[in-house]
Structures are given as C-alpha cells and as structure tokens.
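**Q** End of the sequence shown = 198 in the numbering used here, gap-free, step of one. A virtual CB, placed ideally from N, CA and C, is assigned to each residue, including glycine. Sharing a structure here in structure tokens format.
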Amino acid sequence: MVMRRTYRQILRLRWSFLLVVLLLLSPLVQIARADGGVVIFQQTSATFTITLFSAEMPLRPGPADLSVLLEQPDSHSPILDAQVSMELQHETGMVIEAQATRIQARNKLLYCSLINLPKSGQWKIRLQVRRGDSSAEVRSNLVVAAPQPVLLSHWELVAVPPIIIGLFITNQCLGRKRVRSGQG
C-alpha cells in the first residue's frame, strides 16, 4: 500500500514537472506564419493581383524580408515568370531600390527581397511588375517602427537561464524530501 502511494506520487510529480516545462517553453516558440509572413497590402490591377508580405510586423530598422505574390486576377493562379522591382522612399527623401526574385525566396511562389531599412518613420513603397508586354505599378505606405531595446528584443534568451536554474533547485529540493521520507 505504501509502495503504491509512493509510485503514484512520483508519477504525479513527473507529469506535473512535464506540464510546468511545457508551460514555460510555450512562450518561447515563435508564431508560425504562412507563406511570406504578414500581409501588408493587396491590390488588383487589370493584369495582376499583387500582394506584399513582410516577415515581421511591425517593420523595424535593419534587414526586412519583403515578399511579393503575383496572381492572375481572374483565376488566382500564381505568376512565376515576371520581373518585380521595389523602390522605397523615406520621408526625408532617401531612396532604396531592390529587385525581388524567386531565387531568394524560400517559398518559390513568391518574389523575395531582403532590404536593409536604415531609419524608422514613414516610407512609401512602389512595386513595378513586368511580364512580357504587361506591366503594373502599385504604391503604398509603410510604417517602420522605432528599434526595440536590446533586452526586450532578446527576452527569450535572457529568461531561459533563470528558468533552468529554478527547475534545478526544485529538482534538488524534491530529491531531498524523497531521501528524508525514505529515512524516516
């Protein structure tokens, strides 16, 4: 009878420990995002439906992964043989030009460009798409937020060591209780 109770307590303790570990690790898992990330805008012209994605939202100064999905407006089938160029203009007049290609994209249905955004603030983006004799141009506004403080942007890395130390201390305390109850 005493052995069964001890076995049940150990089993309950192990399940509780597993539950605590899963609860502590769940905030560390990043959110899964489909395709190229968050939709910034979508516009339809006579020849193309153009959707712009960003890997992160909000955009911040530094490298920005911008992806474009091109589709036929009537059938929504992807267009894979176009040329896509991007031009970003900051409110101060700074201009950044880039080509978006399928070679850079992980999802080969998208045209991707990795652009270094040097400043926060208001940006205007102009996408030019060419495919054979057809072309389209769309414009939109982008807001680039201020950079995050370093500790806040890497909070996951800062939080993990205290969690591990806490789990180790809990394990040691529970081990001592087991030894004491076994001696008594």
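State the Cα-Cα distance for the pair Ser81 and Asp147, rounded to the nearest angstrom.
**A** For the purposes of this step, residue 81 is taken as residue 67 along the sequence shown, with counting starting at 1. For the purposes of this step, residue 147 is taken as residue 133 along the sequence shown, with counting starting at 1. Cα to Cα, Ser81 sits roughly 23 Å from Asp147.
**Q** Which of helix, strand or coil does DSSP assign to Lys209?
**A** The requested residue 209 does not occur in the structure, where the chain is confined to residues 15 to 198.
**Q** Based on DSSP bridge pairs, tell me the residues matched to Tyr21.
**A** As a position in the sequence shown, residue 21 is number 7, starting the count at 1. Looking at the DSSP assignment, Tyr21 forms no beta bridge with any residue, so it has no partner.
**Q** Can you name, in chain order, every residue of its own chain whose Cβ lies under 6 Å from the Cβ of Ala112, other than the five neighbours on each side?
**A** The sequence position of residue 112 within the sequence shown is 98, counting from 1. Counting only Cβ-Cβ distances below 6 Å, and skipping sequence neighbours, we find Met100, Ser127, Ile129.
**Q** Is the beta carbon of Ile64 sitting closer than 7 Å to the one on Val157?
**A** Position 50 of the sequence shown holds residue 64. Position 143 of the sequence shown holds residue 157. No. Outside cutoff.
**Q** Can you give me the start and stop residues for the beta strand (DSSP E) that Ser127 sits inside?
**A** For the purposes of this step, residue 127 is identified with residue 113 of the sequence shown, where counting begins at 1. Residues 124-131.
**Q** Decide yes or no for the touch test of the segment 84-103 against the segment 138-147: beta carbon pairs closer than 8 Å, at least 3 of them.
**A** Because the criterion of three Cβ pairs below 8 Å is met, the segment 84-103 and the segment 138-147 touch.
**Q** So what does DSSP say about Gly189, is it helix, strand or coil?
**A** Taking the sequence shown and counting its residues from 1, the one referred to as residue 189 is at position 175. Looking at Gly189 - three-state DSSP - the assignment turns out to be helix.
**Q** Would you call the CB atoms of Val53 and Phe67 closer than 7 Å?
**A** The residue given as residue 53 occupies position 39 in the sequence shown. The residue given as residue 67 occupies position 53 in the sequence shown. Yes, Cβ-Cβ distance for Val53 and Phe67 is below 7 Å.
**Q** Measuring CB to CB, does Pro87 end up less than 7 Å from Leu123?
**A** For the purposes of this step, residue 87 is identified with residue 73 of the sequence shown, where counting begins at 1. For the purposes of this step, residue 123 is identified with residue 109 of the sequence shown, where counting begins at 1. Not closer than 7 Å, so no.
**Q** Using the rule of at least 16 other Cβ atoms within 10 Å of the residue's Cβ for burial, across every protein chain shown, is Trp137 buried or exposed?
**A** By 1-based counting over the sequence shown, the position of residue 137 is 123. Label assigned to Trp137: buried.
**Q** Just list the residues that DSSP pairs Glu111 with in beta bridges.
**A** Residue numbering aside, residue 111 sits at position 97 when the sequence shown is read from its first letter. Looking at the DSSP assignment, Glu111 forms a beta bridge with Glu101.
**Q** Let me know the secondary structure DSSP gives Leu33 once reduced to three states.
**A** One-based indexing of the sequence shown puts residue 33 at position 19. Helix, per DSSP.
**Q** Going by DSSP in three states, Pro265 sits in which element: helix, strand or coil?
**A** The structure shown does not extend to residue 265, since the chain is modelled only from 15 to 198, so the question has no answer here.
**Q** So, Pro132 versus Arg74, is the Cβ gap smaller than 7 Å?
**A** Indexing the sequence shown from 1 puts residue 132 at position 118. Indexing the sequence shown from 1 puts residue 74 at position 60. No; because the gap between Cβ atoms is not below 7 Å, this pair is not in contact.
**Q** Buried or exposed for Ala119, going by 16 or more other Cβ atoms inside 10 Å?
**A** The residue you call residue 119 lines up with position 105 of the sequence shown. Ala119 should be labelled buried.
**Q** Would you identify the three-state DSSP class for Leu156, choosing helix, strand or coil?
**A** As a first step, residue 156 must be located in the sequence shown, where it is residue number 142. Looking at Leu156 - three-state DSSP - the assignment turns out to be strand.
**Q** Who are the Cβ neighbours of Leu102 in its own chain at under 6 Å, not counting the five residues just before and after it?
**A** Locating residue 102 in the sequence shown gives position 88, counting from the first residue. Counting only Cβ-Cβ distances below 6 Å, and skipping sequence neighbours, we find Ile110, Trp137, Ile139.
**Q** Hey, Ala69 and Gly51: beta-carbon distance below 7 Å or not?
**A** In the sequence shown, residue 69 corresponds to position 55, counting from 1. In the sequence shown, residue 51 corresponds to position 37, counting from 1. Yes, they are a contact pair.
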